[in-house]
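As structure tokens, the structure follows; a few thoughts come after it.
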Amino acid sequence: MSCARYVGRVGGLAVALGVGLAIATATSATSSADTGSTGSSSTHGSSARTGGAATHKAATASSHQTITQAYVAGGASPSPQDPATPAQALAAAVTEVVRRDVGRSARTSVGAVRTAAVVTTPTPVLSSGNLLINGGAEVGDPSLSGYSSVTVPGWSVTGTPTVIQYGTLRRLPGFLGAMGPTLPAFLSFPQTAPAGAGNQFFGGGNVASSSLSQTVDLSGAATAIDHTADPNAAGVAFALSAELGGYLIDPSRASVKVTFLDANKGYLGSADIGPVTALNRFLQTGFQERDTTGYIPVGTRSAQIVVSFKDLNPVLGNYNNAYADNVSFSVQSTDVAPAGLTVPTSNVGSLDHVFLVYMENHGVGDIIGSPNAPYINSLINAYGYAQNYYALTHPSMPNYWPILGGSDFGLNYNCAAQCFNEPNLINQNPGLTWAAYQDGGGGYSLPNDRTPFLAFTDIYNDPTTGAKIRDISALQTDLNGNPADVAKFNWIAGDDDTNMEGPTSGLTGILNWAASQLTTHQYNIAAGDKLMQQQLSAVFNSEVWKDPNTKSAVFLTFDEDYNNISWGIGNEGNHVVMVVIPSPGALASPTNPDGMKGGAFIATDYYNHYSLQRTIELALGLGTLTNNDKYAQPMNEFWV
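Residues -24 to -1, 1 to 616 in mature numbering (1 follows the signal peptide of the UniProt record, and there is no 0) are what the sequence shown spells out, letter by letter.
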């Protein structure tokens, strides 16, 4: 970047500083500034590096495992963050913009020639058509609030990326999970789609860095790629393009990379486009197109395309305002074609009973190895543990509703009762029996946010609902009574004193909770662990569980990590614990060949709450509700 151009951009930042300060003072999450040269793209050739997309496999089952440290998710904060003032956040953003722009300018001004087996060519070649599935984010349901992760059909994901509809207004997270203010259109998500785009776009998500990836099979063009028919041929050209963008002064940024792999998944070369930075966008919310072209390296049999959303937002809450749309990868060949979109395969077997446990507000770093959670850690080390499991959003309740409804329903705040009248697993499956067991009282007793059932208006108004929401003391009695009376779907929940969030009702509780924000987040984990030992022991010792002809399973997880108030404190990218415990009758055996795995093992595939919803649907023989559960990856690793 020239000196004059750089000075001009810094001048623009000075103007933005006053406007941005007002915005940041009025909001807690208004952000966006990045850096980089306009139209940045690059190609890279073969090198000594090798690698590829490894297929995740569950470890061989054993009788015991010792997990003492959390598997750290990308983009997570390693420790609590002290709250910053809006002015400090804005100043940090502007400083980051200048630092990155100077650094990138220095890097790109060096007159070095890039080494490249992938040679840049001036004209995109699109004879194959776009080989990516769902490159425009149009397949699948968007997050109606813009703040929840969703299932992205056709793509593998890391972190908690999302899909947002153009024109969605931004409602800021409110204090302690309450409804926050809705911003005007010019401070909201992108309102207008780029030329040629559809109704939706990809976003980085609400807590940390994330990515989307898919692999394209190029083996059909092997002869042309390898020049075997004509050694003097130029080879097969490729084109990579996308609309990349962001939000106001937030430095968070998106980029796209294609990596060419041989038949053994070995690295042959790569090319990338982006990012489009806040300075490129003149600190405006929106998109710019980036593209690059070249020739596919000899020996290539597949291409891995990764869309990366890097979270650089210094404002507390860490909303990742990196955006992408119209991602396209094409080649100069009609011998390859895009794969069709399919529903993820499942090997989930049937269950007679599901027992679901949601604990509150702790990521893996708070729980794994915690001396205050010996019982939960004993379960993690004795049964199947999903080390790559994620919650969807903040605060708590928008992580509960998806299990029953498959959506966030446009709410990014807590709502406990009569919140929406939408299809759900209960009203769409009249034959499904269900029960909720709540510590501290059943029926419509307060607090009524311990389970999600009452949030659905039809369930709330059903005269039979009160009898199905029971005090947790009824759990042991019900499981040792008439087996025919045990519900198929059972939700077990603590209250504020025992779910690991509180208590927060009195002054002492509030002070303890506040102090835990700034320490190791261990407040009342011991009480929740004790509740789990009491209630799960009751399940495991019950007649229903021990019946060799009855198939049951416990799914124990957390609604979200410690960043529940969206201040960035305890942000682990919503990476939470999930442990799955099969009953003796559910285990695989000669008489139950499609049963569950026993013993201790680690499941490494990516799962989230929509995966859990889909797994429950498959296990209990229920249909899907939305594209979020339809296209979610089932938790296959827990079955043989």
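Glycine included, each C-beta is placed from N, C-alpha and C at the ideal position.
Q. Between which two residues does the beta strand (DSSP E) containing aspartate 267 stretch?
A. That run of the beta strand (DSSP E) goes 262 to 271.
Q) If you follow the beta strand (DSSP E) that glycine 221 is part of, which residue opens it and which one closes it? A) Glycine 221 -> beta strand (DSSP E) spans 213 to 222.
(Q) For alanine 210 and alanine 218, what's the separation of their Cα atoms in angstroms? (A) Alanine 210 and alanine 218: Cα-Cα distance of roughly 25 Å.
**Q.** Rounded straight-line distance, which links the Cα of phenylalanine 465 to that of proline 350
**A.** Each residue's alpha carbon lies about 27 Å from the other.
Q) CA-CA distance, threonine 440 and aspartate 523? A) Straight through space, the alpha carbons of aspartate 523 and threonine 440 are spaced by roughly 29 Å.
**Q.** Nearest-angstrom Cβ-Cβ length linking threonine 369 and tyrosine 123, presumed shorter than 8 Å
**A.** Indeed they touch by this definition, with Cβ atoms about 5 Å apart.
(Q) Restricting to Cα atoms, I'd like to know which of Ala564, Met554, Asn175, Pro558 is closest to tyrosine 582. (A) In terms of CA proximity to tyrosine 582, Met554 leads the group Ala564, Met554, Asn175, Pro558.
Q: Go ahead and pull the three-state DSSP assignment for leucine 532.
A: DSSP places leucine 532 in strand when its eight states are reduced to three.
Q: Report all residues from its chain with a CB closer than 6 Å to the CB of tryptophan 467; omit the five preceding and five following residues, and keep chain order.
A: Closer than 6 Å at Cβ, skipping near neighbours: Leu332, Ala412, Thr427.
Q) Whose C-beta lies closer than 7 Å to the C-beta of glutamine 308 among residues of the same chain, with five residues either side of it excluded? A) Closer than 7 Å at Cβ, skipping near neighbours: Val101, Ser103, Val212, Ala213.
(Q) Quick check on the DSSP output: the alpha helix (DSSP H) that includes histidine 585 runs from which residue to which? (A) Looking at the DSSP string, the run of the alpha helix (DSSP H) that includes histidine 585 is 585 to 596.
Q.
Taking only three categories from DSSP, how would you classify histidine 203?
A. The three-state secondary structure of histidine 203, taken from DSSP, is coil.
Q: With DSSP collapsed to three states, give me the class of asparagine 568.
A: Under the three-state reduction of DSSP output, asparagine 568 falls in the strand class.
Q: Following the continuous beta strand (DSSP E) through valine 303, name the residue where it begins and the one where it ends.
A: Run containing valine 303: 296 to 307, per the beta strand (DSSP E) assignment.
Q | Which of helix, strand or coil DSSP assigns to proline 558 | A | Proline 558: strand per DSSP, three-state reduction.
Q: Check each candidate in Glu536, Ser383, Ala197 and name the one with the smallest Cα separation from asparagine 400.
A: Asparagine 400 has its Cα closest to that of Ser383, out of Glu536, Ser383, Ala197.
Q: Examine the Cβ distances between the segment 569 to 580 and the segment 351 to 368 and report whether three or more of them are shorter than 8 Å.
A: Output reads yes: the segment 351 to 368 touches the segment 569 to 580.
Q: Could you pull out every unbroken alpha helix (DSSP H) segment of at least 4 residues lying fully inside the segment 481 to 524, listed in chain order?
A: Runs of the alpha helix (DSSP H) inside the segment 481 to 524: 483 to 493, 501 to 516, 519 to 522.
Q: May I ask you to report which of helix, strand or coil DSSP gives glycine 381?
A: Note: glycine 381 maps to helix in three-state DSSP.
Q) DSSP puts methionine 335 in a beta bridge; with which residues? A) Beta-bridge partners of methionine 335 (DSSP): Phe534.
**Q.** Rounded straight-line distance, which links the Cα of tyrosine 243 to that of arginine 90
**A.** With a pLDDT of 27 at arginine 90, under the threshold of 50, the modelled position of this residue cannot be trusted, and the question is left open.
Q. Once you ignore the five residues that flank glutamate 593 on each side, which residues in its own chain have a CB closer than 8 Å to its CB?
A. Leu401, Gly599, Thr600, Asp605.
Q: Mark histidine 32 as exposed unless 16 or more other C-beta atoms lie within 10 angstroms of its C-beta, in which case mark it buried.
A: Per-residue confidence for histidine 32 stands at a pLDDT of 34, beneath the threshold of 50, marking its modelled position as unreliable; no derived number is given.
(Q) According to DSSP, simplified to helix, strand and coil, what is lysine 286? (A) Annotated three-state conformation of lysine 286 is strand, per DSSP.
Q) Helix, strand or coil for leucine 188 per DSSP? A) Here leucine 188 sits in strand by DSSP.
**Q.** Backbone secondary structure at serine 354 - three-state DSSP
**A.** The DSSP-derived three-state label of serine 354 is helix.
Q: Taking only the alpha-carbon atoms, compute the straight-line gap between glycine 180 and threonine 134 and give it to the nearest angstrom.
A: A straight line joining the alpha-carbon of glycine 180 with that of threonine 134 spans about 10 Å.
Q: Determine the direct distance from the alpha carbon of glycine 417 to that of lysine 444, and round the result to whole angstroms.
A: CA-CA distance, lysine 444 to glycine 417, rounds to 12 Å.
Q. Cα separation between aspartate 267 and arginine 229?
A. Approximately 16 Å between the Cα atoms of the pair.
Q: State the Cα-Cα distance for the pair asparagine 547 and serine 481, rounded to the nearest angstrom.
A: Their backbone Cα atoms lie some 24 Å apart in a straight line.
Q) What span of residues does the alpha helix (DSSP H) with valine 616 cover, start to end? A) Per DSSP, valine 616 is not a residue of any alpha helix (DSSP H), being assigned neither H nor E.
**Q.** 8 Å contact criterion, which phenylalanine 531 and leucine 588 should meet: CB distance rounded
**A.** Correct: roughly 6 Å between the Cβ atoms.
Q) Alpha carbon to alpha carbon, what distance is there between aspartate 301 and asparagine 403? A) So the two alpha carbons sit approximately 36 Å from each other.
Q. For asparagine 390 versus glycine 153, is the C-beta spacing smaller than 8 Å?
A. Against a cut-off of 8 Å, the Cβ pair of glycine 153 and asparagine 390 comes out as a contact.
Q) Applying the criterion that 16 or more other CB atoms from any shown protein chain within 10 Å of the CB defines a buried residue, is isoleucine 541 buried or exposed? A) Counting every other CB atom within 10 Å of its CB across the protein chains shown gives isoleucine 541 a total of 16 or more, marking it as buried.
(Q) With the cut-off set at 8 Å, would you say leucine 108 and proline 314 are in Cβ contact? (A) A distance below 8 Å separates the beta carbons of leucine 108 and proline 314.
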